[in-house]
Amino acid sequence: MLKEDIVALSTPPGEGGIGIIRMSGNGIIDKISKIFLPITEKELGQRKGFTLNLGWIMDEDGGKIDEVLLGIMRAPHSYTGDDVVEINCHGGSMPVRRCLQRCIDVGMRLAEPGEFTKRAFLNGRLDLSQAEAVIDVIRAKTDRGLKLALQQLEGRNHFVAEIEDSLLRLNAMLEASLDFPEEVGDLDYLEAYSILLQIKERMDRLIVAGQRSEIYRDGLKVVICGKPNVGKSSLLNALVRKEKAIVTEIPGTTRDVVEEFINVRGIPVKIMDTAGIRLTEDVVEKIGVEKSKEVMDQADLLIFVLDVEAGIGKEDMDIYQDIDRKRLIVLVNKEDLDKKNIAPGEIEALFPGVKVIRASVKNDIGVEELEEAVEAVVLQGVLPGDGLETMINLRQKNALIRSQGQVENALQTLREVPLDCLGVDIWGALESLGEISGKTLKDEVIDRIFHDFCIGK
Amino acid sequence: MIYEAGKYDVVVIGAGHAGCEAALAAARMGCSTLMVTLSVENIALMPCNPSIGGPAKAQLVREIDALGGEMAINIDKSSIQMRLINTGKGPAVQALRAQADKHEYGREMIKTILGQERLHLLMAEVEEIEAEGARVRAIITRTGARYECQTVVITSGTYLKGRIIAGEVMYDGGPGNQFPAVKLSDSLRAMGIRLGRFKTGTPPRIDRKTVDFSKTVEMPGDEQPWRFSYISPPPVRKQLSCWLTHSTPETHRIVMDNIHRAPLFTGVIKGKGPRYCPSFEDKVVRFAHKSQHQLFIEPEGRDTDEMYVQGLNTSLPEDVQVQVLHSIPGMEEVRMIRTGYAIEYDYVIPSQAKLSLESKVVEGLFTAGQINGTSGYEEAAAQGLIAGINAALWVQKREPLILKRSEAYIGVMIDDLVTKEADEPYRLLTSRAEYRLLLRQDNADLRLTEKGRQIGLVDEHRWSLFEAKKKRLEAGTQFLQKTTFTPADSEVEKYLTSKETAPLRDRTSLWEMLRRTEVKIEDYVEQGWIQENQPEILEQMEIQAKYEGYINKQQEQVLRFEKMESKQIPEDINYDEVYSLSNEAVQKLKEIRPQSIGHASRISGVTPADINILLINLEKRRN
């Protein structure tokens, strides 16, 4: 058990300029080599301990996910005493999460809470007197983690419980027909098929919802857009309340997408300022503009900034055309200026049903109202979704994906393999699902057999 | 007046299915053994259904046989019908079931017992188990005979403080109106062993001559010469049929009209009954929407007209039982020979036993069968065998035989028994086995016979047959894997076309070709591609080839499972001193005293955090 390769995110998720993924185990260097493209020609396996290696983490298709620094510590000279590798990713949680997912793809397992420390202890890397401290950490993390995960699942919706119930029912149907053939008869294949299909569809939805729920963990992606010089960077800075983006009076100075993490009333928000979108011959700027459009497509929420002095022109409406109106807040900036070129009622006519905020970002007017509006978007569920935004963490998601894989297997082999083989997949699906709720479901299957069927000759 | 009557290595109390296996195993392994029974006439009695086998139970019987036990051989001698059930559902759940001639079954077993070297039979009631410190020393019978011994195996079935109930009638008694064992319960309690109380039941028996079989459906046995034991000769005798009928709305009305007289519902019966074997009245109440329930009429033997009504077990009053019978098609005129009844009895709460079935409370004391809270002849026999083996190994100062969940149904059963709290008599089910696909009835010998040989229970005869089989299997498998065909082979192409399966694309071995559903190993014999023709060998190779993918999947699961099983917890661990374990975990761990980390993880109330803490603590002890 101790020799399994484990991996975990070591830095707090969702913030900071850098994310560290740590892994431990005897096979990790082989495994990480499969997804790491070093900048030098030297293979990772040949590198000594205490070396740093620059390179890229690659995705399934050979594309680059992130440029990283990869530190190698060889057994026994490491924190855990096994081989340890640490990947230093760039900040922003998306690359970090994708790198972590790649580690799992190549066969590592997500570490249990406190597992690195436990290994360190078991390998004699920590003093015996530290044992009790270690135990306290594990106790707290494991129990609290499980409890929290359960509360979230049970409190938020009954989706997992319903899937579990269907799988239990299916298991009981199958097992009853095997253990009590004369009373129960054969498995009803049609019913089994429709239950499996229903389970699969629900799992699909839950997995998609789980991805959507990353909003809560990784931040709501908010993009500030608008033509040049309407005050996008000023708005970003007002929200961040620190000077990061370059704010000038010359149109087009913000040539790239600027990202910041902020905390809006408890909701993590990843806010992005795009380069001013406009037709341009400037090659450098053109790249920025294309990137901006790409970013807008991925946004959960768009803040469309208008300039009251400049009025609403063709350029504004060109940008507006590309915007998904359901996820839009319009912010009319520079309301402090006397020259107003937007007529009363013009905005409401142009953007029916859209939240409009009148602001003067420079004077900090309207920023509060904007924060309120962002919060409302999240809380009122204006975002696309069906109320499934459960707090599904990566572990739960993985268990769900494993379970779904087995359900798919069962669907494909339903009539081709005998029932005892089918049972391997159907039971496996239930077992994987049980990891989410922390329940042992074997006994429940047996209870269900007696509950649902008239057994006993 | 107590007198010294003799000295034995092993004393077995009881001569039911558990007792017979325990006594035979101990004696065969070289121990001087005394078997004490209340009634010599009732050795290996089948007080309930006259059948052996079925899902999970057939696997048990095969496992008993593979280790050198007696049940399979004995049922092969005395069966009146055999059927293979679940045939279309896969090799892991296929199960043989035999109808037994219950009198012949008992007679054959008595012959074997009496013919066994080192085994003495005694008819007596054991009243006391004498312990010195917490160690078994002797047994004392009602007539004052004291037998000194090193180990005792109790296999007292449902006799402990047995109480029979049929409607308003109640009296103390063992199954089949035998004497109950009254004082043994008190002796166990006095030694500090906790007892619980369970209930089970049996249906009425009827007279064959009064059944109108034309209103029932005949259920004949299979034509194939099935047998349970790997070493029995093929059966030669004619088989008898069973008959299928059903209850009617009238039957259910009679039950409901008299439900106020049913001890199950009036609160007279307090012991918990098994859900898988409910009383007929329970079925009528719980599944009220069903207008009929299947009932099987089964012969109890070749030389008797008594028949068993499977599905009608009941403790309704006798007059109601007669009315119920008369409402069933084919039984309108039937004469009841024996009344159905419920029986309540004491059992030993099985978490007080180790995986070896030795008591944690009293050294040298073993329990097996219904006294451990199980039901079923097969479950009892399998435990009896393990208890007998381990009593003998105890005497010989050798390590106990403990089968893992990944090795045998026996392992699944005993692990469940000592680990889980049961609120009903335990019956083995295939769904209780995580690694079902590996624990098949066809490979029990391959799984267990070598172990049986190591402990000294598998004799020369069985061993030589097993070795020969294994050699042929290895040679045959190698041949299948090495013999290949190419798409150019017209003979193969013709064969595959005739089976409506795709032609070969690459060079393919006979082994790989077997994975196709349409391809059968008998075809290979027919085509002359292989020389092997022994059905058992062919079947084994076909299963291993066809289900290789799934079998490998399960074997990987077993590897993960066994890692945790191999982490032993020392017997002297003091859970109170383990820092940070939850109170519930401490209490459960103290009670069950798991033998490994894997075992501990199956205890309800022990969380993953507790397991981590235990792991760290074990490591701390080692350093």
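Residue numbers (this note's numbering), protein chains in the order written: chain A, 1 to 457; chain B, 1001 to 1623.
The beta-carbon is built from N, C-alpha and C at its ideal position, and this holds for glycine as well.
These figures come from a predicted structure and were not determined experimentally.
With DSSP as the reference, please indicate the residues paired to residue 1310 of chain B in a beta bridge.
B:1296
Given residue 177 of chain A, which residues of its chain have a CB within under 8 Å of its CB, disregarding the five upstream and five downstream residues?
184, 185, 186, 187 and 419
Could you check what DSSP says for residue 998 of chain B in three-state terms: helix, strand or coil?
The question about residue 998 of chain B has no answer here: the residues shown for chain B are numbered 1001 through 1623.
Reduced DSSP secondary structure (H/G/I, E/B, other) of residue 1333 of chain B
coil
Residues of the segment 1269-1291 of chain B whose Cβ lies closer than 7 Å to any Cβ of chain A, in chain order
1275, 1276, 1277, 1278, 1283, 1287 and 1290
Going by alpha carbons, who is nearest to residue 944 of chain B out of B:1482, B:1275, B:1192 and B:1492?
The displayed coordinates of chain B run from 1001 to 1623. Any statement about residue 944 of chain B would go beyond what the structure contains.
Does the Cβ of residue 1133 of chain B have 16 or more other Cβ atoms within 10 Å, making it buried, or fewer, making it exposed?
exposed
CB residue 196 of chain A to CB residue 407 of chain A, shorter than 8 Å?
yes
What three-state label does DSSP hand residue 450 of chain A in the structure shown?
helix
Give a yes or no on whether 8 Å exceeds the smallest Cβ distance from residue 184 of chain A to chain B.
no
Can you grab the Cα-Cα spacing for the pair residue 96 of chain A / residue 1288 of chain B, in whole Å?
59 Å
Among B:1617, B:1335 and B:1534, which residue has its Cα nearest to the Cα of residue 1319 of chain B?
B:1335
Between residue 1373 of chain B and residue 1380 of chain B, which are expected to be in contact by the criterion C-beta below 8 Å, what is the C-beta distance as a whole number of angstroms?
Contact flag wrong, Cβ pair sits at about 11 Å.
Terminal residues of the alpha helix (DSSP H) in which residue 1019 of chain B lies
1017-1028
Within chain B, the residues that residue 446 of chain A reaches when beta carbons sit closer than 8 Å
1429, 1431 and 1432
Go through its chain and collect everything with a Cβ distance to residue 388 of chain A's Cβ below 7 Å, but skip five positions before and after it.
Caution applies to residue 388 of chain A, whose pLDDT of 44 falls short of 50 and renders its modelled position unreliable; the value that the coordinates give is listed next. Within the same chain, residue 388 of chain A has close Cβ partners 157, 159, 205, 206 and 209.
Alpha-carbon spacing of residue 396 of chain A relative to residue 99 of chain A, whole angstroms:
18 Å
Since residue 89 of chain A and residue 66 of chain A should fall inside the 8 Å C-beta cutoff, what is the C-beta to C-beta distance between them, to a whole number of angstroms?
5 Å
Between residue 181 of chain A and chain B, is any beta-carbon pair separated by less than 8 Å?
yes
To which residues of the same chain is residue 1308 of chain B closer than 7 Å at the C-beta, ignoring the five residues directly before and after it?
1049, 1050, 1203, 1205, 1298 and 1300
Along chain B, which residues have their Cβ under 8 Å away from the Cβ of residue 416 of chain A?
1517
What residue from A:334, A:342, A:374 and A:373 has the CA that sits closest to residue 363 of chain A's CA?
A:334
Integer-rounded CB distance, given that residue 1061 of chain B should sit under 8 Å from residue 1071 of chain B
5 Å
Alpha helix (DSSP H) segment containing residue 1523 of chain B, residue limits
1521-1527
Of all the residues that make up the segment 1079-1091 of chain B, which are near chain A by a beta-carbon distance shorter than 9 Å?
1085, 1086, 1088, 1089, 1090 and 1091
Residue 1148 of chain B: first and last residue of the uninterrupted alpha helix (DSSP H) it sits in:
Premise fails: residue 1148 of chain B lies in the beta strand (DSSP E), 1145-1154, not in any alpha helix (DSSP H).
Distance cutoff 8 Å, beta carbons only. Does residue 175 of chain A sit that close to anything in chain B?
yes
Excluding the 5 residues flanking residue 444 of chain A on each side, which residues of the same chain have their C-beta closer than 8 Å to its C-beta?
168
Using 8 Å as the threshold, is the C-beta distance between residue 1314 of chain B and residue 1280 of chain B below it?
yes
When you compare each of B:1115, B:1440, B:1565 and B:1407 to residue 421 of chain A by their alpha carbons, which one comes out closest?
B:1440
Identify the residues that DSSP records as bridge partners of residue 53 of chain A: which are they?
A:70
Since residue 1619 of chain B meets chain A, which of its residues come closer than 8 Å, beta carbon to beta carbon?
121 and 122
Backbone secondary structure at residue 443 of chain A - three-state DSSP
helix
Near residue 1195 of chain B, what residues of its chain come up, given a Cβ to Cβ distance below 8 Å and the 5 sequence neighbours on each side ignored?
1160, 1185, 1188, 1189, 1346, 1347, 1348 and 1349
Closest residue to residue 1207 of chain B among B:1057, B:1330 and B:1136 (Cα-Cα distance):
B:1330
Distance cutoff 8 Å, beta carbons only. Does residue 1437 of chain B sit that close to anything in chain E?
The chain labelled as chain E is not found among the protein chains of the depicted structure, namely A and B.
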